[in-house]
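Residue 661 is where the sequence shown starts when you use the working numbering, and the numbers rise one by one after that.
Glycine included, each C-beta is placed from N, C-alpha and C at the ideal position.
Single-structure report; data block below.
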Amino acid sequence: MSTKMDKPASMSADALADRVMSRSAALAGHTEEPGRVTRRYLTPPIKAVHLELTRWMAELGLHVRTDAAGNLVGRLGDPAPDTPVLLIGSHIDTVPNGGKYDGVLGVLVGLAVADVLQDRALPFAVDVVAFSEEEGVRYAKPYLGSAAIAGTFDPDWLERRDDRGVTMRAAIEAFGLEPDKIADAAYDPRRVVGYLETHVEQGPVLEREGRPVGVVTAIAGQSRLMLRFTGEPGHAGTTPMFPRKDALVSAAHLISEVQDYGRSIQGLRATVGYVRAHPNVRNVIPGEVDISLDIRHAMDDVREAAVAALIDTAERVAKEDGMTVEVLENQPQPATAMSGLLSRMLHEAMDEAELTPFELLSGAGHDAVAMAASFPVAMLFVRHPDGVSHHPDERVSVADVAVAIDVLARAVGRLADELEVN
Ligand code: HGY
Ligand code: MN
Ligand code: MN
């Protein structure tokens, strides 16, 4: 699907930032749950977001298309497939009851940068990408959209089912796309100059340091596990308190140890965010409980040691409680390094904009993680007052968004100069 219209004149960074804020608010209105921002992979609000973004991209004269994984791509420049291309973007899915800016900000800043650069002759095309799925909420698999573009999408994922039993394959088909063509979404790494992502920091550092933006040094590694505790189900009223094999009690023993362990290791993040008790009714002792484990650290060996230690702890706790525990899934993701060239362009752009360059680690995962498998990547963080994210209170300031647009546009310009010289 492609659309193209005449282009309006470009606007100032401040005016573009105002428009990013109003557009973020408009997209927040597209949700599965009125009054909350919830957009899971290829649900109807994603289609509504596509329609708005397609209109805004077409107004800018971008060539717009949707790939088989549901990514929406607006190209500034030559649509020929062998054109060198710089990708700029982020994701448009959200966690349940999420914020307005996580993901969306990177897409809208990308559109603003395309606006700034629309009359500049660049040695590459610029693709503004709205990735269809980063959070991993609907199918417990993050980065579906960026994995498709990076060429690492595993067709086995198409058989994964959501909490209503709908396969990923069926969800893609229901969206009007062809799952068996997802391999066509991959870019040829020889054509890709790199990937730049702007994202709210989702943490306190830039606010504490009094900085509007910062360059990401690396993205912490992350292990996503699912553990199953198995005990014995029973009638809540007739089963004596001894001996009981309540799987939820054993899971609870582990959960409290997870936090203690996380606090004992410098820089570690250890979280249990998902609990599923079966049959999850008031008058039945849970015989089976699934819990997630989200373990993150900048150093992969520390993270891997933490995963091993917490699995040992789970086995000890289960044994003490007379239960069993098994690891249903362990998705390790190594720490992600940033491209030296692209990061230098961001630093030089900050310098050119008379900002003192500043850099920081990302504890959160981003599409840049999946994109780094195939392309050079770099990230620009935007100050996030209170650092509250994955929550409706998530916010950014229009002034900081204007700085991000200015810095990113300068970085793309410097990259063009650098590539034209070499
Ligand atoms: O979980 C994360 O780190 C990201 O927000 N998806
Ligand atoms: Mn997120
Ligand atoms: Mn995000």
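Leaving aside the five residues that flank G854 on each side, the residues in its chain whose CB is nearer than 8 Å to its CB run, in chain order, L746, L747, S999, L1001, L1002, F1035, P1036, V1037, A1038 and L1075. The straight-line gap separating the alpha-carbon atoms of E819 and L732 is approximately 23 Å.
For R1043, the CB contacts under 6 Å within the same chain, skipping 5 residues up- and downstream, are L866, E867, P872 and D1060 in chain order. When DSSP reads this structure, Y855 sits in a beta bridge with L747 and V1037. Counted as a single uninterrupted DSSP element, the alpha helix (DSSP H) harbouring S910 occupies residues A907 to S924. Annotated as distal: T691 and R679, with beta-carbon spacing of 8 Å or more.
For the set P756, L765, D823 and A808, the Cα lying nearest the Cα of E795 is the one of P756.
Remark: fewer than three beta-carbon pairs, one from each stretch, lie closer than 8 Å, so the segment 888-896 and the segment 1052-1069 are not flagged as touching.
Counting only the Cα atoms, H1050 lies some 5 Å from G758.
By the Cβ test, the segment 894-902 is not in contact with the segment 809-827, since fewer than three Cβ pairs between them sit closer than 8 Å. Judged by their CB atoms, I809 and V786 are not nearer to each other than the 8 Å cut-off. Those residues that have a beta carbon less than 7 Å away from any non-hydrogen atom of ligand 1 are, in order along the chain, D762, E794, E795, G796, P802, Q862, Q882, A1024, G1025, H1026 and H1050.
Remark: C-beta atoms of A843 and A958 do not approach each other more closely than 8 Å. One Cα belongs to H710, the other to W716, and the distance between them is close to 10 Å. Annotated as proximal: V1058 and M681, with beta-carbon spacing under 8 Å. For S952, the uninterrupted beta strand (DSSP E) segment begins and ends at E948 to H957.
In the three-state scheme derived from DSSP, where H, G and I count as helix and E and B as strand, D822 is classed as coil. In terms of Cβ geometry, L771 and V860 do not form a close pair [threshold 8 Å].
Judged by DSSP in its simplified three-state form, S999 adopts coil rather than helix or strand. Residue pairing by DSSP puts S1022 in a beta bridge opposite I879.
In this chain, the beta strand (DSSP E) harbouring E989 covers T984 to Q993. Contact annotation: the segment 963-981 touches the segment 924-932, with at least three C-beta pairs closer than 8 Å. The C-beta distance from Y921 to A966 rounds to 7 Å, short enough to fall under 8 Å.
In the DSSP annotation of this structure, the continuous segment of the beta strand (DSSP E) that includes H938 starts and ends at V935 to H938. Looking at the backbone, the Cα of A1030 and that of L1020 are separated by about 19 Å. DSSP places V755 outside both helix and strand once states are collapsed to three, so it counts as coil.
About 19 Å separates the Cβ atoms of F784 and D1027, ruling out a contact at the 8 Å cut-off. Judged by their CB atoms, P1052 and R683 are not nearer to each other than the 8 Å cut-off. Note that the segment 819-828 does not touch the segment 712-729; fewer than 3 beta-carbon pairs, one per stretch, sit closer than 8 Å. Looking at the backbone, the Cα of D981 and that of S910 are separated by about 6 Å. Beta-bridge partners assigned by DSSP to R884: D954 and Q991. The three-state secondary structure of H1007, taken from DSSP, is helix.
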